[in-house]
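Residue numbers for the sequence shown follow the working numbering, so the first one is 3 and each next one is one higher. Report on the following structure.
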Amino acid sequence: IIDEITAVIGPLENFILPGGSVGAAHLHVARTVCRRAERLVAALAHTEPIGAFVAPYLNRLSDLLFVMARYENHQRGVPEPLWDSLA
3 IIDEITAVIG PLENFILPGG SVGAAHLHVA RTVCRRAERL VAALAHTEPI
53 GAFVAPYLNR LSDLLFVMAR YENHQRGVPE PLWDSLA
């Protein structure tokens, strides 16, 4: 799915900020929650056995949410908010 979406929207050429359309903003929030879960699982793995697929799943889910946010902006014609290193 990630590759299919990327084929439509094109590869990432700039660092982008979360935001754009309301839907994309919600997907960016979901990605933030997913990344938080990924960090918690990594910390838990130091003391508890974690399934081998948990961390990779969360990582790929985060990637999917990111490209879905980009796709949402693309479909709505909303420009991706670009990071300005000079700002």
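No residue lacks a Cβ here, since even glycine has one placed at the ideal position from N, Cα and C. Model, not experiment: these values are computed from the prediction.
Between the region 63-70 and the region 25-42, do at least 3 Cβ pairs fall closer than 8 Å? In short, these stretches touch, since the Cβ pair count reaches three.
Return the bridge partner residues of Leu66 from the DSSP annotation. Looking at the DSSP assignment, Leu66 forms no beta bridge with any residue, so it has no partner.
The alpha helix (DSSP H) with Asp5 in it runs from where to where? Residues 4-11.
Provide the residue(s) that pair with Ile18 in DSSP beta bridges, ordered along the chain. When beta bridges are read from the DSSP output, Ile18 appears opposite Leu84.
Supposed contact pair Glu82 and Ile4 - C-beta distance, whole angstroms, cut 8 Å: In fact, because the Cβ distance is near 17 Å, the residues do not count as touching under 8 Å.
Check the C-beta distance from Ile7 over to Val69 and give it rounded, since I have them as a contact under 8 Å. Right, their Cβ atoms sit about 5 Å apart.
For Thr49, the first and last residue of its enclosing alpha helix (DSSP H): Judged by DSSP secondary structure, Thr49 falls outside any alpha helix (DSSP H); it is assigned neither H nor E.
Sequence-distant residues of its chain with Cβ nearer than 6 Å to His76 (five each side left out): If we look at His76 and ignore the five residues flanking it on each side, its Cβ neighbours are Ile11.
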